[in-house]
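Student:
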Amino acid sequence: MMTQRCTDSKIVNDILDKAFRRAKENANAIQGEKDKIKLAKRRELVRLETVKNIVISDINKLLIKIPKEKDLQAFYRELLDIMFGWRNIRKSIIRIRYIRIFINDLYERYKNSIKITRDPIKMSQLRKEFYGRVASFLKRNSKHFKLLFEVYKAFEN
14 MMTQRCTDSK IVNDILDKAF RRAKENANAI QGEKDKIKLA KRRELVRLET VKNIVISDIN
74 KLLIKIPKEK DLQAFYRELL DIMFGWRNIR KSIIRIRYIR IFINDLYERY KNSIKITRDP
134 IKMSQLRKEF YGRVASFLKR NSKHFKLLFE VYKAFEN
């Protein structure tokens, strides 16, 4: 069971690693602000936006790779139905689309909270909360990512 969970979340972990790494790089590139509070605020907002953009971008790339049922020939449609079940594929696609909306809403909420606060420690805490919520939500839905990735791999071959 534990090995299954590790393989399920590999795709999600790759997305999160990429997002967090780029967020750190982008935040460290920001300089030139004399006011410490404004600098901290800009860095935290850039981190949030970078994570949101990369996660949503990777989700969009995955969704684009999935063939649409109406575009498939009957043979391939039946093959994918037998292998994965169209109901499961549709369910995963709907869930992944919802994740995009959820992350956008979460981003707006935390962005506004960071804009309001004047304490750099509180800003950092809010950013970490955002990271944790995004990571938790993606990991909870890793089986949907794995299924869609397997559909893509099966269709690609």
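Numbering (our numbering), first residue to last: 14 to 170.
All C-beta atoms in this analysis are idealised placements derived from N, C-alpha and C, irrespective of residue type, glycine included.
Note that the structure is predicted; figures quoted are calculated from it, not measured.
(1) Is any non-hydrogen atom of the ligand COA found closer than 7 Å to the C-beta of W99, if you look at the structure I gave you?
(2) Buried or exposed: I102, going by 16 or more other Cβ atoms within 10 Å of its Cβ?
(3) Among K74, E57 and L58, which has the Cα closest to the Cα of I24?
(4) Here's the rule I'm using: 16 or more other beta-carbon atoms within 10 Å means buried, otherwise exposed. How should E57 be labelled?
(5) Which residue's Cα is closest to the Cα of L76: K135, E62, L29 and R108?
(6) Would you give the residue range spanned by the alpha helix (DSSP H) that S155 belongs to?
(7) Would the region 155-164 count as touching the region 83-98 if we require 3 or more Cβ pairs under 8 Å?
(8) If you follow the alpha helix (DSSP H) that E91 is part of, which residue opens it and which one closes it?
(9) Which same chain residues, not among the five before or five after E46, have their C-beta less than 6 Å away from its C-beta?
(10) Rounding to the nearest angstrom, what Cα-Cα distance links I79 and Y165 in this structure?
(11) Which same chain residues, not among the five before or five after K128, have their C-beta less than 6 Å away from its C-beta?
(12) Answer with buried or exposed for I72, where buried requires no fewer than 16 other C-beta atoms within 10 angstroms of its C-beta.
(13) State the Cα-Cα distance for the pair M136 and K54, rounded to the nearest angstrom.
Tutor: For this structure:
(1) For the structure depicted, the ligand COA is absent and the ligand set is empty, with no information on it obtainable.
(2) Answer is buried; the Cβ neighbour count reaches 16.
(3) The option with the nearest alpha carbon to I24 is K74.
(4) buried
(5) Nearest of K135, E62, L29 and R108 to L76, Cα basis: R108.
(6) S155 to E169
(7) yes
(8) Judged by DSSP secondary structure, E91 falls within the alpha helix (DSSP H) whose first and last residues are A87 to M96.
(9) L52
(10) 6 Å
(11) none
(12) It counts as buried.
(13) Rounded to the nearest whole angstrom, the C-alpha separation of M136 and K54 is 7 Å.
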